[in-house]
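Numbering-wise (my numbering), the sequence shown opens with residue 678 and increments by one.
Cβ atoms here follow ideal geometry from the backbone N, Cα and C, with glycine treated the same way.
Everything below concerns the one structure shown next.
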Amino acid sequence: ALEGPVAAVVRRSDPQVRALVAARVRAAAERHREETSHARDREWLDTLLRHSTDSMSVLDREGRAVYNTPAVAEQLGYDREQLRSESVIEHVHPADREAVREVFADTADQPDGTYATATYRRRHADGSWRWIEAVANVQFDNPAVGGVILNRRDMTERERHRRRLREQEAYVGSLLDAQ
678 ALEGPVAAVV
688 RRSDPQVRAL
698 VAARVRAAAE
708 RHREETSHAR
718 DREWLDTLLR
728 HSTDSMSVLD
738 REGRAVYNTP
748 AVAEQLGYDR
758 EQLRSESVIE
768 HVHPADREAV
778 REVFADTADQ
788 PDGTYATATY
798 RRRHADGSWR
808 WIEAVANVQF
818 DNPAVGGVIL
828 NRRDMTERER
838 HRRRLREQEA
848 YVGSLLDAQ
(Lines of atoms letter the chains of each structure in order from A and count residues from 1; the text may use other names and numbers.)
(Lines give C-alpha, C1' and ligand atoms only; values in the text may rest on other atoms or scores of the structure.)
Protein backbone atom coordinates (compact mmCIF):
# COMPACT_ATOMS: atom_id res chain seq x y z
CA ALA A 1 0.00 0.00 0.00
CA LEU A 2 1.14 3.49 -0.80
CA GLU A 3 1.65 5.91 2.08
CA GLY A 4 2.37 9.61 2.40
CA PRO A 5 1.70 12.37 -0.13
CA VAL A 6 1.93 10.03 -3.16
CA ALA A 7 -0.85 7.82 -1.78
CA ALA A 8 -3.08 10.84 -1.24
CA VAL A 9 -2.52 11.99 -4.83
CA VAL A 10 -3.23 8.54 -6.23
CA ARG A 11 -6.38 8.10 -4.11
CA ARG A 12 -7.70 11.49 -5.17
CA SER A 13 -6.79 11.14 -8.83
CA ASP A 14 -9.01 9.81 -11.52
CA PRO A 15 -9.31 6.08 -12.30
CA GLN A 16 -6.95 6.35 -15.29
CA VAL A 17 -4.09 7.58 -13.11
CA ARG A 18 -4.74 4.80 -10.58
CA ALA A 19 -4.77 2.23 -13.42
CA LEU A 20 -1.52 3.65 -14.82
CA VAL A 21 0.21 3.51 -11.43
CA ALA A 22 -1.08 -0.02 -10.84
CA ALA A 23 0.18 -1.14 -14.28
CA ARG A 24 3.62 0.33 -13.61
CA VAL A 25 3.82 -1.35 -10.20
CA ARG A 26 2.79 -4.69 -11.76
CA ALA A 27 5.39 -4.25 -14.52
CA ALA A 28 8.12 -3.47 -11.97
CA ALA A 29 7.15 -6.52 -9.92
CA GLU A 30 7.22 -8.72 -13.04
CA ARG A 31 10.67 -7.37 -14.02
CA HIS A 32 11.92 -8.17 -10.53
CA ARG A 33 10.53 -11.74 -10.75
CA GLU A 34 12.15 -12.22 -14.17
CA GLU A 35 15.52 -10.88 -12.98
CA THR A 36 15.40 -13.14 -9.93
CA SER A 37 14.45 -16.12 -12.10
CA HIS A 38 17.23 -15.30 -14.58
CA ALA A 39 19.79 -15.11 -11.76
CA ARG A 40 18.66 -18.53 -10.43
CA ASP A 41 18.82 -20.01 -13.94
CA ARG A 42 22.31 -18.58 -14.47
CA GLU A 43 23.51 -19.98 -11.13
CA TRP A 44 22.00 -23.38 -12.01
CA LEU A 45 23.74 -23.43 -15.42
CA ASP A 46 27.06 -22.28 -13.94
CA THR A 47 26.86 -25.08 -11.36
CA LEU A 48 26.17 -27.68 -14.06
CA LEU A 49 29.06 -26.50 -16.19
CA ARG A 50 31.45 -26.34 -13.23
CA HIS A 51 30.67 -29.88 -12.07
CA SER A 52 30.40 -31.61 -15.45
CA THR A 53 32.83 -34.45 -16.16
CA ASP A 54 32.97 -33.28 -19.78
CA SER A 55 34.53 -29.99 -20.76
CA MET A 56 33.34 -27.61 -23.42
CA SER A 57 35.03 -24.89 -25.44
CA VAL A 58 33.98 -22.54 -28.19
CA LEU A 59 36.59 -22.26 -30.94
CA ASP A 60 37.09 -19.59 -33.56
CA ARG A 61 37.86 -20.39 -37.23
CA GLU A 62 41.56 -20.88 -36.43
CA GLY A 63 40.79 -23.41 -33.70
CA ARG A 64 41.58 -21.04 -30.82
CA ALA A 65 39.47 -21.22 -27.68
CA VAL A 66 37.36 -18.12 -27.13
CA TYR A 67 35.50 -19.72 -24.22
CA ASN A 68 36.17 -22.67 -21.91
CA THR A 69 33.86 -24.11 -19.28
CA PRO A 70 35.17 -24.44 -15.71
CA ALA A 71 35.36 -28.25 -16.20
CA VAL A 72 38.49 -27.68 -18.35
CA ALA A 73 40.46 -27.22 -15.12
CA GLU A 74 39.41 -30.61 -13.75
CA GLN A 75 39.71 -32.52 -17.03
CA LEU A 76 42.89 -31.02 -18.47
CA GLY A 77 44.56 -29.48 -15.43
CA TYR A 78 44.73 -25.99 -16.88
CA ASP A 79 42.97 -22.89 -15.65
CA ARG A 80 40.34 -22.15 -18.26
CA GLU A 81 41.80 -18.71 -18.93
CA GLN A 82 45.24 -20.26 -19.57
CA LEU A 83 43.85 -21.98 -22.64
CA ARG A 84 41.97 -18.98 -23.94
CA SER A 85 43.24 -17.84 -27.35
CA GLU A 86 45.46 -20.91 -27.70
CA SER A 87 44.95 -23.29 -30.58
CA VAL A 88 43.60 -26.62 -29.37
CA ILE A 89 46.04 -28.27 -31.80
CA GLU A 90 49.01 -27.12 -29.70
CA HIS A 91 48.19 -29.65 -26.97
CA VAL A 92 47.42 -32.60 -29.27
CA HIS A 93 49.92 -35.48 -29.40
CA PRO A 94 52.27 -35.05 -32.39
CA ALA A 95 51.19 -38.40 -33.86
CA ASP A 96 47.52 -37.30 -33.79
CA ARG A 97 47.97 -33.62 -34.64
CA GLU A 98 47.58 -33.73 -38.43
CA ALA A 99 44.46 -35.89 -38.30
CA VAL A 100 42.85 -33.59 -35.72
CA ARG A 101 43.83 -30.52 -37.76
CA GLU A 102 42.18 -32.04 -40.86
CA VAL A 103 38.98 -32.95 -38.99
CA PHE A 104 38.71 -29.43 -37.60
CA ALA A 105 39.42 -27.74 -40.95
CA ASP A 106 36.91 -29.97 -42.77
CA THR A 107 34.27 -29.44 -40.09
CA ALA A 108 34.72 -25.67 -39.76
CA ASP A 109 33.96 -25.30 -43.48
CA GLN A 110 30.59 -27.05 -43.12
CA PRO A 111 27.21 -25.41 -42.47
CA ASP A 112 25.90 -24.79 -38.97
CA GLY A 113 24.65 -27.91 -37.25
CA THR A 114 27.37 -30.13 -38.74
CA TYR A 115 28.93 -32.52 -36.22
CA ALA A 116 32.27 -34.31 -36.29
CA THR A 117 33.91 -36.64 -33.78
CA ALA A 118 37.60 -37.28 -33.17
CA THR A 119 39.51 -39.37 -30.65
CA TYR A 120 43.07 -38.28 -29.93
CA ARG A 121 45.69 -37.87 -27.23
CA ARG A 122 45.95 -34.51 -25.52
CA ARG A 123 48.56 -33.26 -23.08
CA HIS A 124 47.36 -32.73 -19.51
CA ALA A 125 48.94 -29.89 -17.50
CA ASP A 126 50.86 -32.52 -15.49
CA GLY A 127 52.61 -33.66 -18.72
CA SER A 128 50.71 -36.94 -19.12
CA TRP A 129 48.74 -37.82 -22.24
CA ARG A 130 44.99 -38.25 -21.98
CA TRP A 131 42.77 -39.94 -24.53
CA ILE A 132 40.05 -37.48 -25.47
CA GLU A 133 36.89 -38.01 -27.46
CA ALA A 134 35.76 -34.70 -28.89
CA VAL A 135 32.52 -33.81 -30.63
CA ALA A 136 32.53 -30.59 -32.64
CA ASN A 137 29.33 -28.76 -33.58
CA VAL A 138 29.59 -25.92 -36.11
CA GLN A 139 27.72 -22.78 -34.97
CA PHE A 140 29.48 -19.90 -36.76
CA ASP A 141 26.23 -18.38 -38.05
CA ASN A 142 24.55 -18.61 -34.66
CA PRO A 143 25.03 -15.13 -33.15
CA ALA A 144 24.77 -16.54 -29.62
CA VAL A 145 27.82 -18.78 -30.24
CA GLY A 146 29.78 -17.64 -33.30
CA GLY A 147 32.15 -20.61 -33.37
CA VAL A 148 32.56 -24.35 -33.10
CA ILE A 149 31.27 -25.89 -29.88
CA LEU A 150 33.76 -28.56 -28.80
CA ASN A 151 32.61 -31.08 -26.16
CA ARG A 152 35.43 -33.22 -24.72
CA ARG A 153 35.31 -36.40 -22.70
CA ASP A 154 38.33 -38.02 -21.07
CA MET A 155 38.51 -41.59 -22.37
CA THR A 156 41.87 -42.47 -20.83
CA GLU A 157 40.60 -45.18 -18.48
CA ARG A 158 38.50 -46.77 -21.21
CA GLU A 159 41.54 -46.83 -23.53
CA ARG A 160 43.68 -48.41 -20.79
CA HIS A 161 41.08 -51.14 -20.27
CA ARG A 162 40.76 -51.67 -24.01
CA ARG A 163 44.54 -52.01 -24.40
CA ARG A 164 44.77 -54.36 -21.44
CA LEU A 165 42.00 -56.52 -22.90
CA ARG A 166 43.80 -56.67 -26.29
CA GLU A 167 47.03 -57.68 -24.54
CA GLN A 168 45.23 -60.41 -22.63
CA GLU A 169 43.53 -61.66 -25.80
CA ALA A 170 46.89 -61.75 -27.57
CA TYR A 171 48.44 -63.63 -24.63
CA VAL A 172 45.63 -66.20 -24.54
CA GLY A 173 45.87 -66.53 -28.33
CA SER A 174 49.61 -67.19 -28.11
CA LEU A 175 49.02 -69.85 -25.44
CA LEU A 176 46.44 -71.56 -27.63
CA ASP A 177 48.74 -71.38 -30.67
CA ALA A 178 51.57 -72.93 -28.64
CA GLN A 179 49.52 -76.05 -27.90
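Proximity winner among the options, relative to residue i (alpha-carbon distances)
i: ARG774; options: ASP789, ALA795, ASP731, THR784; result: ALA795
i: GLU751; options: ALA785, LEU726, ARG738; result: LEU726
i: ASN828; options: HIS770, THR713, ALA748; result: ALA748
i: GLY740; options: GLU767, ILE809, ARG843; result: GLU767
i: VAL825; options: ASP737, ARG778, HIS838, ARG835; result: ASP737
i: TRP806; options: THR784, ALA813, HIS770, VAL694; result: HIS770
Environment of residue i [buried if 16+ CB atoms lie within 10 Å]
i: ASP742; result: Correcting the residue type first, residue 742 is Ala in the shown sequence and not Asp. Flag for ALA742 reads buried.
i: ASP854; result: exposed
i: SER714; result: exposed
i: VAL815; result: buried
Reduced DSSP category for residue i - H, G, I as helix; E, B as strand; rest coil
i: GLY790; result: coil
i: VAL822; result: coil
i: SER764; result: strand
i: GLN646; result: No information on residue 646 is available, as it lies outside the stretch 678 to 856 that the chain covers here.
i: THR796; result: strand
i: ALA705; result: helix
i: GLN845; result: helix
i: SER734; result: strand
i: ALA802; result: coil
i: ASP691; result: coil
i: VAL810; result: First, the residue type needs correcting, since residue 810 is Glu and not Val in the sequence shown. Strand.
i: ARG757; result: coil
Residue i versus residue j: straight-line alpha-carbon distance, rounded
i: ARG757; j: PRO820; result: 22 angstroms
i: ALA706; j: LEU753; result: 44 angstroms
i: ALA782; j: ARG701; result: 53 angstroms
i: ASP717; j: ARG708; result: The question names Asp, but residue 717 is Arg in the sequence shown. Approximately 14 angstroms, taken between the alpha carbons.
i: GLN787; j: GLN759; result: 29 angstroms
i: ALA696; j: ALA704; result: 12 angstroms
i: ILE809; j: GLU712; result: 38 angstroms
i: THR791; j: GLU779; result: 15 angstroms
Residue i Cβ short of 8 angstroms to the ligand MN heavy atom set
i: ALA705; result: Looking for the ligand MN in the displayed structure turns up nothing, as the structure carries no ligands at all.
Would you call the region 798 to 809 and the region 713 to 726 in contact, with 3 or more CB pairs under 8 angstroms? Output reads no: the region 713 to 726 does not touch the region 798 to 809.
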